[in-house]
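Below is one structure, written out as structure tokens; comments come after it.
Protein chains in written order, with the working numbering: chain A, 110 to 676; chain B, 9 to 171.
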């Protein structure tokens with residue numbers, strides 16, 4: 110059927126099964142917005158207030174559903190505003206397709222109005238990108254974009270479409286097939302390696318499972334849980350992986366890394382075998398590499414060969430989809446006559462229980478100020494631990510990771526790799542859009558929330574009843590913490606002066622604002638916030654918290670996993 | 009250690025900058041780089057010379073393979089291979105030096121491809137080290153210009169880089 114490039118895009122997205130597209134119009138995408146008006150049937154466009162938020166919202170949608178997030182922005186500033194969002198998705202391997210408008214092909218290179226080299230600017234922060242130069246290639250290019258974004262190690266893909274391509278005509282048929290000779294993602298791990306790995310696991314004396322974001326992205330939660338239970342090994346999870354294995358399970362030692370638990374980090378350090386699953390030995394996890402796990406052999410399962418032996422040398426690499434590899438491991442364990450060393454494992458567990466008994470997440474509850482940890486725990490209780498929690502970046506992010514234990518995958522939505530302040534609120538919008546009946550929370554601070562606060566307007570327009578939990582301590586808390594520890598308490602520019610009255614601000618946007626100042630009323634007030642009374646309303650909860658509180662435990666930069674500061 | 013990494017990539021605009029961008033973003037160095045189309049219009053062949061530990065080179069190759077425009081990658085230095093580089097070198101040639109340069113060019117199997125009353129331009133092909141050795145024999149003040157193509161290479165025998 111003959112149609113314009115803009116119409117092809119809209120029809121393609123519908124045929125691809127895209128439900129929502131987040132965006133902001135502008136000169137170079139006007140034909141597409143016109144086609145959305147005339148041709149879109151099921152496709153729902155959400156108008157944000159800033160392009161960065163469009164990308165984070167699509168990202169939140171993708172993280173909470175596993176489906177690709179889709180974004181539409183204009184050329185020039187539209188594209189550059191989207192860059193932080195794209196980089197955020199790239200660092201955390203989130204499937205996403207970002208459509209950017211471009212000036213007409215005849216004007217490319219002439220420094221035209223709102224012209225920017227989008228493909229050049231985004232090249233280092235995308236899995237791949239395309240500049241469409243011929244309308245006849247448009248549908249195939251879109252097909253490739255979705256295929257690339259969602260297969261192998263997922264990631265964002267940018268498709269830059271000049272305005273004249275949007276108006277040029279071509280015939281459209283949804284491409285069923287995609288053919289890319291240079292892109293062949295691995296679909297199966299090496300069976301010999303998997304077998305060797307299982308043998309190594311069963312002969313280990315102090316083994317530990319270390320699971321990361323790949324277990325969530327690869328939908329391998331059930332397989333991971335099964336494997337962990339079969340083996341009886343302790344398991345630690347990265348910030349990105351939380352929820353893939355239930356936090357309430359006894360075998361879970363919680364999060365590892367810079368602000369991980371004492372038992373998680375010491376168990377890693379003293380282990381003789383690390384089984385890394387969809388994790389990438391990030392510096393926030395390993396601490397000082399020279400001191401990292403001196404006695405451990407390493408098995409590493411990852412879909413991306415470039416992640417293996419990047420930071421630490423691996424003994425048994427297995428390149429493949431986590432779900433498939435774990436399924437095969439479980440099958441081998443079902444059949445093998447080999448047994449794990451029960452006695453050694455019992456000794457290992459009793460050592461771990463000693464570490465666990467330090468109760469490293471305890472905190473001082475005395476005082477007239479609300480402790481941020483207590484606020485997060487109260488939120489957990491009020492939501493029965495079953496909410497979708499999006500987070501911004503800073504102390505509150507760590508408190509959320511530590512004090513809101515997740516039993517399910519895709520519930521914890523945070524910018525772990527890039528650490529993007531301003532991520533939380535738009536991500537929570539995307540989550541709410543994907544799960545209209547669920548509780549979607551944004552845990553944030555008074556610093557982060559102001560980086561995308563304009564989205565309160567979007568939430569009103571689309572009736573998104575996000576619950577914003579702002580841990581307001583009047584400081585850029587994580588910056589202040591590092592200044593206290595490492596810069597002799599010179600609190601350079603980490604104080605938040607001239608804050609708005611968040612309650613009134615929320616009200617002026619047409620939402621509900623609640624302030625909580627008294628530890629005694631914390632639980633009751635939060636219960637009300639999450640009660641049916643506000644089921645359909647966005648509530649901005651401004652919780653004034655203790656300014657002096659720090660995130661513990663902590664591994665200082667340059668230290669090893671066994672060199673934690675406990676309190 | 010120096011490695012010669014050769015790859016086939018899609019003959020599309022932007023492919024070269026993806027490779028170059030990967031090297032700068034990850035802090036790998038490029039000593040030399042050369043790229044040109046192949047007998048297949050849809051493919052170009054890029055050869056680059058880099059250095060690093062074997063672990064670093066392994067990482068470089070993995071990241072190159074990850075680029076969507078890169079079809080195949082081969083580290084030529086891993087096996088028996090032939091490598092060649094072309095150099096054009098323009099020398100100030102007067103008096104006795106005219107004879108001397110001709111003798112030197114013969115020894116190095118170079119050809120004098122351009123002559124004026126005061127200059128010679130010599131064309132030479134060989135391993136990079138041979139070209140280096142030739143340059144070392146010339147007084148630097150007499151070298152007017154040097155241009156080198158960067159190394160290209162193929163594996164010896166039947167092994168070849170193809171789609």
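Note that CB positions come from ideal geometry on N, CA and C, so glycine has one too.
| Query | Result |
| --- | --- |
| Report all residues from its chain with a CB closer than 6 Å to the CB of residue 731(A); omit the five preceding and five following residues, and keep chain order. | Residue 731(A) lies beyond the range of chain A shown here (110 to 676); nothing can be said about it. |
| May I ask you to list, following chain order, the residues of the stretch 499 to 526 of chain A that have a beta carbon less than 9 Å from some beta carbon of chain B? | none |
| Taking just the CA atoms, how far does residue 205(A) sit from residue 255(A)? | 8 Å |
| Would you please verify whether the beta carbon of residue 291(A) is less than 8 Å from any beta carbon of chain B? | yes |
| Do you know how far the Cα of residue 328(A) is from the Cα of residue 298(A)? | 16 Å |
| Given a cut-off of 8 Å, decide if residue 430(A) and residue 70(B) are closer than it, judged by their beta-carbon atoms. | no |
| Is there a Cβ of chain B sitting closer than 8 Å to that of residue 228(A), yes or no? | yes |
| Looking at the structure shown, is residue 119(B) part of a helix, part of a strand, or coil, going by DSSP? | strand |
| Going by beta carbon distance, what residues of the same chain come within less than 6 Å of residue 457(A), once the five residues before and after it are set aside? | 315 |
| Quick check on DSSP: helix, strand or coil for residue 501(A)? | coil |
| Where in the stretch 483 to 535 of chain A do unbroken runs of the beta strand (DSSP E), each at least 3 residues long, occur, reported from the N-terminal end onward? | 497 to 500 |
| Among residues of its own chain, excluding the 5 on either side of residue 99(B), which ones have a beta-carbon nearer than 8 Å to its beta-carbon? | 105, 109, 127, 128, 129, 130, 146, 150, 151, 152 |
| Measuring straight from C-alpha to C-alpha, what distance separates residue 551(A) and residue 649(A)? | 9 Å |
| So which of 136(A), 281(A), 472(A), 291(A) has the shortest CA-CA distance to residue 119(A)? | 281(A) |
| If you scan the stretch 222 to 248 of chain A from start to end, which runs of the beta strand (DSSP E) of 3 or more residues do you find wholly inside it? | 237 to 240 |
| May I ask you to list, following chain order, the residues of the stretch 74 to 92 of chain B that have a beta carbon less than 7 Å from some beta carbon of chain A? | 74, 76, 77, 78, 79 |
| Any beta carbon of chain A sitting closer than 8 Å to that of residue 135(B)? | no |
| Pull up the CB-CB distance for residue 532(A) and residue 197(A), whole angstroms please, since I reckon it's below 8 Å. | 6 Å |
| Roughly how many whole angstroms lie between the Cα atoms of residue 478(A) and residue 581(A)? | 11 Å |
| Which first and last residues belong to the beta strand (DSSP E) in which residue 153(A) is found? | 153 to 156 |
| I'd like to know if residue 141(B) contacts chain A, where contact means its C-beta is closer than 8 Å to some C-beta of that chain. | no |
| Give the secondary structure of residue 651(A) by DSSP, where H, G and I count as helix, E and B as strand, and everything else as coil. | strand |
| Identify the contact partners of residue 418(A) in chain B, using a Cβ-Cβ distance below 8 Å as the criterion. | 63, 66, 67 |
| For the alpha helix (DSSP H) that contains residue 156(B), what are its first and last residues? | That residue, residue 156(B), is in no alpha helix (DSSP H); its beta strand (DSSP E) goes 151 to 156. |
| Following the continuous alpha helix (DSSP H) through residue 262(A), name the residue where it begins and the one where it ends. | Careful: residue 262(A) lies outside any alpha helix (DSSP H) and carries neither H nor E. |
| For the stretch 245 to 272 of chain A, which residues have a CB atom closer than 8 Å to at least one CB atom of chain B, in sequence order? | 257 |
| Mind checking who residue 128(B) pairs with in its DSSP beta bridge? | 99(B), 123(B) |
| Out of 21(B), 114(B), 93(B), 157(B), which has the shortest C-alpha to C-alpha gap to residue 137(B)? | 93(B) |
| Who are the neighbours of residue 25(B) on chain A, taking C-beta pairs under 8 Å? | 229, 232 |
| Opposite residue 44(B) in the DSSP bridges: which residues? | 53(B) |
| Going by other Cβ atoms of all chains shown within 10 Å of its Cβ, with 16 needed for buried, is residue 126(A) buried or exposed? | exposed |
| Closer than 8 Å is the cut-off here; do at least three beta carbon pairs connect the stretch 537 to 555 of chain A with the stretch 382 to 396 of chain A? | no |
| Give the interface partners of residue 414(A) over in chain B, defined as CB-CB distance under 9 Å, in chain order. | 70, 73, 74 |
| Using a Cβ-Cβ cut-off of less than 8 Å, give me the residues of the stretch 23 to 49 of chain B that come near chain A, in sequence order. | 25, 26, 29, 33 |
| Spell out a yes or no on whether the stretch 344 to 361 of chain A and the stretch 466 to 477 of chain A are touching, meaning 3 or more CB-CB pairs, one atom from each, closer than 8 Å. | no |
| Taking Cβ-Cβ distances shorter than 7 Å, what residues in chain A pair up with residue 171(B)? | 290 |
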